[in-house]
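Residues in the sequence shown are numbered consecutively from 402, following the numbering used here. Working notes, beginning with the structure itself.
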Amino acid sequence: MSTQEKVEKAEKCKEDGNAKFKAGQFDSSIVAYEKGLSFVKDIFDEVGGGAPEDAVLAKPVAVALSLNVAQAKLKGNGDLKSAIEDCNFAIKLEASNTKAFFRRAQDAEAELKRVTVNEAKAVKAEKAMFSKMFS
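Printed below as a string of structure tokens:
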């Protein structure tokens, strides 16, 4: 499959993912965005990557898909570590992309909140357990 065909398939997946995201179907949009990324991500591999002109052609859709899937993960399944990795991929492709840095910060903040809540629950459970032991 040519790079142009890969980009076209990725664009169609992006459009499908966008429609699903707007409908609030975040998990379905993640699947669509990741399918789109699968068409173009190999172009940027260190080993066996495409020609420079292939990367120029595929970069816009790869960056958009990476950021879209990160946002869908933030809103949907909560796989925040993976969302951060998606943002890192976008930053690798476009180091000055402020949206990628912003989205990565959002994902990191949400992950921190999740960890803080889990830690608070664990401390509360631990206190309850120890209070029974020493009462």
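Every residue gets a Cβ at the ideal spot worked out from N, C-alpha and C, and that includes glycine.
query                                                                                              : result
DSSP state of Q426 mapped onto helix, strand, coil                                                 : coil
Between the CA atoms of A523 and K415 - distance to the nearest angstrom                           : 40 Å
Neighbour-count burial assignment, V516, 16 or more Cβ in a 10 Å radius                            : exposed
Limits of the unbroken alpha helix (DSSP H) element including I469                                 : Sequence check: residue 469 is Asn here, not Ile. Residues 453-476.
Extent of the continuous alpha helix (DSSP H) to which E486 belongs                                : 481-494
Stretch pair the segment 504-514 + the segment 463-473: three plus CB contacts closer than 8 Å     : yes
C-beta contact flag for A375 and V441 at 8 Å                                                       : As displayed, the chain neither begins before 402 nor continues past 536, which places residue 375 out of reach and without an answer.
Counted within 10 angstroms of its Cβ, other Cβ atoms place G418 as buried (16 or more) or exposed : buried
DSSP three-state assignment for D446, whether helix, strand or coil                                : coil
Residue of I485, E512, A509, L494 minimising C-alpha distance to D446                              : L494
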